[in-house]
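Q:
In the numbering used here, the protein residues as written are 44 to 230.
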């Protein structure tokens, strides 16, 4: 009779744990520690409940961080819209191959996006390789932004000047992944 009683209590405790572990991913419910009659099960339940508390805390922190990231992404998108509306913007890889141009760039240059993407920048600069190659080398050697005036040419061969800021975008420390080119027409 005593054996049957103990076995029943152990079985009830094990069923409680099995139910807990089956539902832990969906409900985050704790184990009722007071319903366990054996000290060993009580201790396991206490640790499991601490894990649930920690999980809830981590999920709350993750939700907060996710909201912050979404807010920052939204803010960055607004900044991008503002810059795209007021400046000639493009991006290239570290070798000067164009990876992005905004509408202003296309409008000023007379090229379509398809005509520009995946082409080297020096194809649209008047002094093809001398200054441009030096600029790329300088940016790759001493990764910092560069400002200056640059002569470009439109698709029709017309020349125009821009005030230019080139900002390196790093993949790793001191390894340039991309260059962002922000220009304004020079009059």
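Don't be surprised by glycine CBs; every beta carbon is placed ideally from N, CA and C.
Quick caveat: nothing in here was measured; it's all calculated off a predicted structure.
With three or more C-beta pairs closer than 8 Å as the rule, is the region 132 to 146 touching the region 156 to 164?
A: yes
Q: For the region 143 to 157 against the region 186 to 203, do three or more pairs of beta-carbon atoms, one drawn from each stretch, fall closer than 8 Å, so that the two count as touching?
A: yes
Q: Counting pairs of beta carbons, one from the region 123 to 130 and one from the region 209 to 222, are three or more of them closer than 8 Å?
A: no
Q: To the nearest angstrom, how far is the alpha carbon of residue 98 from that of residue 214?
A: Cα to Cα, residue 98 sits roughly 32 Å from residue 214.
Q: For the pair the region 81 to 93 and the region 52 to 63, tell me if three or more CB-CB distances fall below 8 Å.
A: yes
Q: How big is the Cα-Cα spacing for residue 94 and residue 100?
A: 10 Å
Q: Given a threshold of 16 other Cβ atoms within 10 Å of its Cβ, counted over all protein chains shown, does residue 172 qualify as buried or as exposed?
A: Only weak support exists for where residue 172 lies, its pLDDT of 44 falling under 50; the value from the coordinates is given anyway. Residue 172 comes out exposed.
Q: Could you please give me the residues that DSSP links to residue 149 through a beta bridge?
A: Residue pairing by DSSP leaves residue 149 without any beta bridge partner.
Q: If I'm right that residue 165 touches residue 137 with Cβ under 8 Å, what's the distance once you round it to whole angstroms?
A: Incorrect: roughly 14 Å between the Cβ atoms, too far for contact.
Q: Could you name the residues of the same chain whose beta carbon sits closer than 6 Å to that of residue 46, not counting the 5 residues immediately before and after it, in chain order?
A: Around residue 46, the same chain offers no residue with a beta carbon nearer than 6 Å, after the five sequence neighbours per side are excluded.
Q: State the DSSP-derived secondary structure class of residue 183, mapped to helix, strand or coil.
A: helix
Q: Find out if the Cβ-Cβ distance for the pair residue 179, residue 192 is shorter than 8 Å.
A: no
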